[in-house]
Every structure is written in structure tokens, then in C-alpha cells.
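Beneath this line is the structure, given in C-alpha cells, with notes to follow.
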Amino acid sequence: MGFNIAKTNKKRVVIIGGGFGGLKLANKLRGGNFQVVLIDKNNFHQFPPLLYQVASSGLEPGSIIFPFRKIFQKEKDFYFRMAEVKAVIAERNLIETSIGELSYDYLVIASGTITNFFGNKTIEEQALPMKTIQEALELRNTLLSNFEKATICTDPEERQALMNVVVVGGGATGVEVSGVLAEMKKFVMPKDYPDLKQPEMNIYLVEGSPRLFGAMSPEASANAEKFLKEMGVNIILNKRVTDYQDGKVMLNDNSTITAKTLVWVSGVTATHFEHIDKERLNRGGRITVNEFNQMPGMPNTFAIGDVCFQTEEEYPTVIRK
């Protein structure tokens, strides 16, 4: 295997990641004097803000995915390759990927973040994250499958566990998922699952800090909490989930919640590539960049979006959690 990309006299710009940042940059370089190579592990761009709608069956996956090849099908000197980047060897202007090596003149890392399980392997194996379209579909399938099992379950405790959902993380995704699950309980369940009693479905939102939306204003936090409580969501603040064993969500105060569905949206960490020195990484594993989004000492290597850590005073610490 290999990239099979023609050599030209144009400078080659390699963009790792087709999220918001990578896609925007690729669009900006249309018709320019560069050869552009976009690399992503999927062959489509996905719209993360609406993943929770896919998870709740409110939208079909096709509504929020956009194939890269269709977006750039008429573009000259543009190449898309579906691959996973393993390493960045800056001293050789080279990247190593799952389909081979590729040289570059300019490299832009826009690979975003992945779910942070904080080293808990049990939670990583059993919890459901919400960063990709595949994960949203897995959550949808898990919810619907558990509801089906609940309709025929004769054990009251097992039935309750199938209908309980615990969402961990009180940021934007956690609030959105909790809200849409509450809507599912109120509007979908009575019609599609008349055998199930609506009050038996419990939605818990667990947040380790004193309030939801920690990076936003206290007013926004209070409004979100008020809205979710009115929707019937059980909000648990100042408590952390420490483990998930035998269908029980364990909290740091030794209390437990029995639930067959655990949604983990408690934090993220930057994507990682071999050969990037740890000294160049900052909070959350993000790549430290200057005001031009360059990696210091590497004038032809850039990082943009969630994967980078801005050092400018205009970017407050609270945004870089």
C-alpha cells in the first residue's frame, strides 16, 4: 500500500484530520498554489453538535455526515486518503500512517480530541462515549435493545437496571444527551413502548464539580440545571464516578446506581502521535503552539483546533480545560 500521489512542483500541505478546523483549512486552500492532502481515519466529515440527536433516533446518520470526496470532487491538486496517522517525524518532514509514509512541505495537525477515561480500563471497555457517529449509533442501539429487554423482563430489579441511564459529565454534551433522553422518555416511550411505565425510566447526570457547564457563566449553568430538573433528570453534583462493575455505577462517596447504560462524556484528551516530544505537549496532551499556531522551533508544522494549546493571553485557561 501507499499514498499514490503524483509529485509536482507545488508545495505539499498535509492536513491531519477532517473536522471543523481541517475542513475549513482545506476549503481555504482551494485553487491555491499548493498540493493539498487531507488524511482522516473516516472518509466523511461528521457534525459533532448533532451526535446526540442520532443517539436518540431524532436524526439519521446520513443527515450529519458529508463525504470528503464529494466535497472536493472537482478540486485539482487535492487528494484525500483514508488512513490513521501513527507518527510525525518532523526532522524528516515525514509522517507514518497505516497505509505508508508521506513527505510534506507543510504539516497541519487538526486531529482533535478523543474521550478521556482517566486510565480506568473497566469504564473504557463498558461505557459508551459520544465522540463519533459510530458511538452515537451504539448508544442508540443499546438504549433500544435495553427497552426491548425491559418489556419482557419479569425481575423488577433487572427491569429497572435496563431502564436506568447514567450520563457522566456535565458539559455541553452531557447536558444535551440528558435532555434528549428526557424527551425520549416523555414523547417516544409512551408511543413506542406502551408496555413500559414512563416513570420507571431514570436519567442520572453526574458531574464532579459544583455546577453544570463549568466553562460557562453561572447564569447559563443555573438555567441548564433548572431546565433538566423540570424535564425529570436527576442531577448529581460534586460526585465522581470511580468504577463500573456488574451493572453498578460506583461513586466516590461509596454510593452506587444500578444501570445497564453508562454514557461517558466526562472529558477529552488530545490525539497523540509518536515522535512528538512530551515537552511540546500541554494540558490534556494538547500541542503547544504560538500565536501563528506554529509548533515552536518548527516553522512548517502547525496545530489547529482542539488538538492545540494556545499560549496567548486572549485564550483564557478556562477554555483550555
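Numbered per this note's numbering, the sequence shown finishes at 1134, counting up by one with no gaps. For glycine and all other residues, C-beta sits at the position ideal for the given N, C-alpha and C.
### Message
Let me check understanding here. Comparing Cα to Cα, which of F1122, L1075 and N817 lies closest to E948?
### Response
Taking the first residue of the sequence shown as position 1, residue 948 is located at position 135. The option with the nearest alpha carbon to E948 is L1075.
#### Entry: Local Cβ density within 10 Å of I1132, reported as buried at 16 or more and exposed below that
Within the sequence shown, numbered from 1, the residue matching residue 1132 stands at position 319. Here the model assigns I1132 a pLDDT of 44, short of 50, so the residue's position is not dependable, and the following value carries that caveat. Exposed, since its Cβ has fewer than 16 Cβ neighbours within 10 Å.
### Message
Just checking K883 against the ligand SAH - is the residue's beta carbon closer than 7 Å to any of the ligand's heavy atoms?
### Response
Among the ligands in the structure shown, none appear at all, so the ligand SAH cannot be discussed.
### In chain order, each alpha helix (DSSP H) run of at least 4 residues that lies wholly inside the region 908–988
934–939, 946–965 and 969–976
### Message
For the structure I just gave you, are there three or more beta carbon pairs, one from the region 1014–1033 and one from the region 887–905, closer than 8 Å?
### Response
no
### Task
Look up F1122 in the DSSP assignment and give the residues it is bridged to.
By one-based count along the sequence shown, residue 1122 stands at place 309. According to DSSP, which records beta bridges pairwise, F1122 is partnered with T1101.
### Query
Which runs of the alpha helix (DSSP H), 4 residues or longer, sit entirely within the region 1025–1065?
1031–1043
### Query
Roughly how far, in whole angstroms, is the beta-carbon of L1009 from the beta-carbon of A963, given that I think they are within contact range, below 8 Å?
The count along the sequence shown starts at 1 and reaches residue 1009 at position 196. The count along the sequence shown starts at 1 and reaches residue 963 at position 150. With a Cβ gap of about 6 Å, L1009 and A963 count as contacting.
### Task
Specify, as a first and last residue, the run of the beta strand (DSSP E) that P880 falls within.
As a working mapping, residue 880 is identified with position 67 in the sequence shown. Counting along the chain, the beta strand (DSSP E) containing P880 begins and ends at I878 to P880.
### Task
Output the boundary residues of the alpha helix (DSSP H) element that contains V849.
The count along the sequence shown starts at 1 and reaches residue 849 at position 36. V849 -> not in any alpha helix (DSSP H); beta strand (DSSP E) instead, spanning F847 to D853.
### Task
Closer than 7 Å by C-beta to E951: which residues in its own chain qualify, once you throw out the five before and the five after it? Chain order, please.
On the sequence shown, position 138 is the one that residue 951 refers to. Cβ within range, chain order: L941.
### Query
Run through DSSP, which three-state label would V827 get?
Here residue 827 corresponds to residue number 14 of the sequence shown, with the count starting at 1. In the structure shown, V827 sits in a strand (DSSP, three-state: E or B).
### Message
Would L1018 and V980 qualify as a contact pair, given that the criterion is a beta-carbon distance under 8 Å?
### Response
Translated into positions along the sequence shown, residue 1018 becomes position 205. Translated into positions along the sequence shown, residue 980 becomes position 167. Yes.
### Query
DSSP beta-bridge partners for H858?
Counted from its first residue, the sequence shown places residue 858 at position 45. The partner list for H858 (beta bridge, DSSP) reads F879.
### Query
Which stretch, first to last residue, makes up the alpha helix (DSSP H) that contains V867?
Reading the sequence shown from its first residue, position 54 is the one you call residue 867. Its alpha helix (DSSP H) spans residues L864 to A868.
### Query
What is the C-beta distance between K823 and N840, in whole angstroms, given that I count them as a contact (C-beta under 8 Å)?
The residue labelled residue 823 in the question sits at position 10 within the sequence shown. The residue labelled residue 840 in the question sits at position 27 within the sequence shown. Not confirmed; about 18 Å, so no contact.
### Message
For H1085, count the other beta carbons within 10 Å of its own beta carbon; 16 or more makes it buried, fewer makes it exposed. Which is it?
### Response
The residue you call residue 1085 lines up with position 272 of the sequence shown. So H1085 ends up on the exposed side.
### Message
Quick check on DSSP: helix, strand or coil for V1081?
### Response
Numbered from 1 along the sequence shown, position 268 holds the residue referred to as residue 1081. The answer is strand: DSSP assigns V1081 an E or B state.
### Task
Please state if the CB of I908 and the CB of V990 are separated by a distance shorter than 8 Å.
Mapped onto the sequence shown, residue 990 falls at position 177. Mapped onto the sequence shown, residue 908 falls at position 95. No.
### Task
Report, in whole angstroms, the separation of the C-beta atoms of G1097 and V1078, which I expect to be a contact under 8 Å.
In the sequence shown, counting from the first residue as 1, residue 1097 sits at position 284. In the sequence shown, counting from the first residue as 1, residue 1078 sits at position 265. Actually they are not in contact, since the Cβ atoms of G1097 and V1078 sit about 15 Å apart, beyond 8 Å.
### Close Cβ partners of E1038 (< 8 Å) along its chain, the five nearest in sequence each way excluded
Taking the sequence shown and counting its residues from 1, the one referred to as residue 1038 is at position 225. Correct list, in chain order: R1024, L1025 and I1048.
### Query
In angstroms, rounded to a whole number, what distance separates the CA positions of K944 and L863?
As a position in the sequence shown, residue 944 is number 131, starting the count at 1. As a position in the sequence shown, residue 863 is number 50, starting the count at 1. Taking the straight line joining both Cα atoms gives about 11 Å.
### Proximity below 8 Å, CB of Y865 to CB of T986
Here residue 865 is taken as the residue at index 52 of the sequence shown, counted from 1. Here residue 986 is taken as the residue at index 173 of the sequence shown, counted from 1. Yes, Cβ-Cβ distance for Y865 and T986 is below 8 Å.
### Query
In the DSSP assignment, what are the bridge partners of I1070?
Indexing the sequence shown from 1 puts residue 1070 at position 257. Note: I1070 sits in a beta bridge opposite V1062.
### Task
Note the first and the last residue of the continuous alpha helix (DSSP H) segment covering M895.
As a working note, residue 895 is residue 82 in the sequence shown. Not the alpha helix (DSSP H): M895 falls in the beta strand (DSSP E), residues F891 to M895.
#### Entry: Delimiting residues of the alpha helix (DSSP H) encompassing F833
As a working mapping, residue 833 is identified with position 20 in the sequence shown. Taken as a continuous stretch (DSSP letters only), the alpha helix (DSSP H) holding F833 covers F833 to K841.
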